[in-house]
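For the protein sequence lines, the chains are W and F, in the order given.
Sequence positions in the first sequence follow the numbering used here and run 18 to 133.
Sequence positions in the second sequence follow the numbering used here and run -19 to 96.
C-beta atoms are modelled at their ideal positions from N, C-alpha and C, and glycine is treated no differently.
What you are looking at is a predicted structure, and each value in this text was computed from that prediction instead of being measured.
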Amino acid sequence: GAVVSQHPSWVICKSGTSVKIECRSLDFQATTMFWYRQFPKQSLMLMATSNEGSKATYEQGVEKDKFLINHASLTLSTLTVTSAHPEDSSFYICSATRGSLRNEQFFGPGTRLTVL
Amino acid sequence: AQKITQTQPGMFVQEKEAVTLDCTYDTSDPSYGLFWYKQPSSGEMIFLIYQGSYDQQNATEGRYSLNFQKARKSANLVISASQLGDSAMYFCAMREYNNAGNMLTFGGGTRLMVKP
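Next comes the structure, spelled out in structure tokens:
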């Protein structure tokens, strides 16, 4: 149990276009979903936290107008990178918690975004 | 100040030997949890083991055990009988239950390479 999927697994796009990444909890209802960014050979950096039906909470330095997060249901959150630029190229990983006692985060497989 | 510190950027271990990956943390929250994740080259974050701050015993999960020294604020991961498939990045993470809600803070990671 506790499977999280992401789609697409990789995407290449032209500079200036927008890219939407989906994160789904497949077999549980996620009380909270998280979006991380990971640059090569670096750790995961939290971008934002989202709860179903409410606005996402963004970490300092993350542009909310550039990285739009929509948490439409208890099993789906989307991250849209608007007007993507080459510096947005990164590995984006989502995770979800299901409200258990220790509230561990279950991670999706990640999406590799390359902006040309 | 860094909340989670992993001082070993890279480590080698001979197959079938045990290896310890270091993790120290900094928090004033009396209620926290410590997590270890494995990230193979595919990018997926795989949960390995969890230790709660109030747990009396060190956590164990198969070949993984956590050497939890609360007074020293360390939570080292011990992998026994290393296998070639253990080669990956390993991340230590902390959740502060009172101070930070569901948020996980990650260390910089340790790349483990298992030699045949």
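Determine the extent of the beta strand (DSSP E) in which residue i is found, giving its start and end residues.
| i | result |
| --- | --- |
| Gly13 of chain F | 12 to 19 |
| Ser112 of chain W | 107 to 114 |
| Gln23 of chain W | 21 to 24 |
| Cys30 of chain W | 27 to 30 |
| Asn56 of chain F | 54 to 59 |
| Val132 of chain W | 128 to 132 |
| Ser42 of chain W | 36 to 42 |
| Phe51 of chain W | 49 to 55 |
| Leu84 of chain F | 84 to 86 |
If residue i and residue j are in contact, beta carbons under 8 Å, what's the gap, nearest whole angstrom?
| i | j | result |
| --- | --- | --- |
| Glu76 of chain W | Ala65 of chain W | 6 Å |
| Gly127 of chain W | Gln59 of chain W | In fact, because the Cβ distance is near 14 Å, the residues do not count as touching under 8 Å. |
| Thr90 of chain F | Gln(-6) of chain F | No, Thr90 of chain F and Gln(-6) of chain F are not in contact; Cβ-Cβ is about 17 Å, not under 8 Å. |
| Tyr77 of chain F | Leu57 of chain F | Contact flag wrong, Cβ pair sits at about 21 Å. |
Taking only three categories from DSSP, how would you classify residue i?
| i | result |
| --- | --- |
| Glu69 of chain W | coil |
| Gly23 of chain F | coil |
| Glu104 of chain W | helix |
| Gly65 of chain F | helix |
| Phe(-8) of chain F | strand |
| Gln37 of chain F | coil |
| Cys72 of chain F | strand |
| Val79 of chain W | coil |
| Lys95 of chain F | strand |
| Tyr5 of chain F | strand |
| Leu85 of chain W | strand |
| Phe45 of chain W | coil |
In terms of DSSP beta bridges, what is residue i paired with?
| i | result |
| --- | --- |
| Tyr30 of chain F | F:Phe15 |
| Leu46 of chain F | F:Leu57 |
| Ser90 of chain W | W:Leu93 |
| Leu63 of chain W | W:Tyr53 |
| Thr74 of chain W | W:Thr66 |
| Thr(-15) of chain F | F:Thr4 |
| Thr90 of chain F | F:Tyr70 |
Confirm the yes/no value for this check: CB of residue i, any heavy atom of the ligand SAH, distance under 7 Å.
| i | result |
| --- | --- |
| Met69 of chain F | The ligand content of the structure shown is nil, which means the ligand SAH is not present either. |
Step through the CB atoms of chain C and report whether any lies within less than 8 Å of the CB of residue i.
| i | result |
| --- | --- |
| Glu121 of chain W | Within the model displayed, chain C is absent; protein chains W and F are what it includes. |
Query raised in the report: Using Cβ-Cβ distances below 8 Å, what residues of the stretch 92 to 114 of chain W are close to chain F?
Result: With the criterion set as a beta carbon lying under 8 Å from some beta carbon of chain F, the members of the stretch 92 to 114 of chain W are Phe108, Ile110, Ser112, Thr114, in sequence order.
Query raised in the report: Taking a cut of 7 Å between CB atoms, which residues from the stretch 47 to 67 of chain W lie near chain F?
Result: Along the stretch 47 to 67 of chain W, the positions whose C-beta sits under 7 Å from a C-beta of chain F are Thr49, Ser60, Leu61, Leu63, Thr66, read in chain order.
**Report entry** Proximal residues, the stretch 15 to 39 of chain F versus chain W, C-beta separation under 9 Å
**Finding:** Per Cβ criterion, the list reads Phe15, Tyr17, Gln19, Ser22, Gly23, Glu24, Met25, Ile26, Phe27, Tyr30, Gly32.
Requested in this report: Output, in sequence order along the chain, the residues in the stretch 80 to 92 of chain F whose CB is closer than 7 Å to any CB in chain W.
Outcome: Interface annotation for the stretch 80 to 92 of chain F against chain W: Asn82, Met83, Leu84, Phe86, Gly87, Gly88, Gly89, criterion Cβ-Cβ distance under 7 Å.
Requested in this report: For the stretch 57 to 71 of chain F, enumerate the residues whose C-beta is nearer than 8 Å to any C-beta of chain W, in chain order.
Outcome: Listed in sequence order: Phe71.
**Report entry** Contact residues within the stretch 31 to 45 of chain W, judged by C-beta distance below 9 Å to chain F
**Finding:** Correct list: empty, as no residue qualifies.
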